[in-house]
Amino acid sequence: MNYSKALNNPIFEIIAKASKDLNVECYVIGGFVRDFILGREQKKDIDVVAVGSGIELALKVSSLLPKKPKVQIFKNYGTAMFCYEGIDIEFVGARKESY
């Protein structure tokens with residue numbers, strides 16, 4: 001599998017820089033990863049989980065982008081998202097669940 005093909009969008013470098021600046025691990029999850037593994041056309045959305053505050057990471061990524069997209073924050077869910085060059089990017093903080 002050629003992962004570099006899936007990650008050739010410069011947004012991933014910016015997410016990595018923001019993650020490093022904040023000292024927060026983050027991972028691409030969800031449909032983007034599924035579709036890549038299954039060889040499907042990449043959708044226009046990326047989900048990112050942060051081991052920390054997804055909202056803080058979204059704000060940092062937005063601040064590093066040239067056009068500074070407006071970040072929508074959903075405090076009830078601890079998520080944030082913005083649209084960048086036609087791609088919806090959603091950030092969520094990892095949470096522990098117990099049953």
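Under this note's numbering, the first residue of the sequence shown carries the number 1, and numbering increases by one thereafter.
Here a beta-carbon is modelled for each residue, glycine too, at the ideal position from N, C-alpha and C.
As the structure is a prediction and not an experimental result, all values here were calculated from the model.
Classification of residue i by the beta-carbon crowding that lies within 10 angstroms, buried from 16 upward
i	result
I55	buried
G86	exposed
D21	exposed
C83	exposed
V61	buried
Inter-residue spacing [alpha-carbon to alpha-carbon] between residue i and residue j
i	j	result
R40	F32	9 Å
I89	I29	11 Å
Y27	Q72	20 Å
P69	T79	16 Å
Limits of the unbroken beta strand (DSSP E) element including residue i
i	result
G93	87-93
Y84	79-84
Sequence-distant residues of the same chain with beta carbon closer than 7 Å to residue i, five excluded per side
i	result
L64	I14, K17, A18
Contact belief for residue i with residue j at Cβ below 8 Å, rounded distance in angstroms
i	j	result
A50	A94	7 Å
Endpoints, alpha helix (DSSP H) assigned at residue i
i	result
V51	Taken as a continuous stretch (DSSP letters only), V51 belongs to no alpha helix (DSSP H), as it is neither H nor E.
V33	31-37
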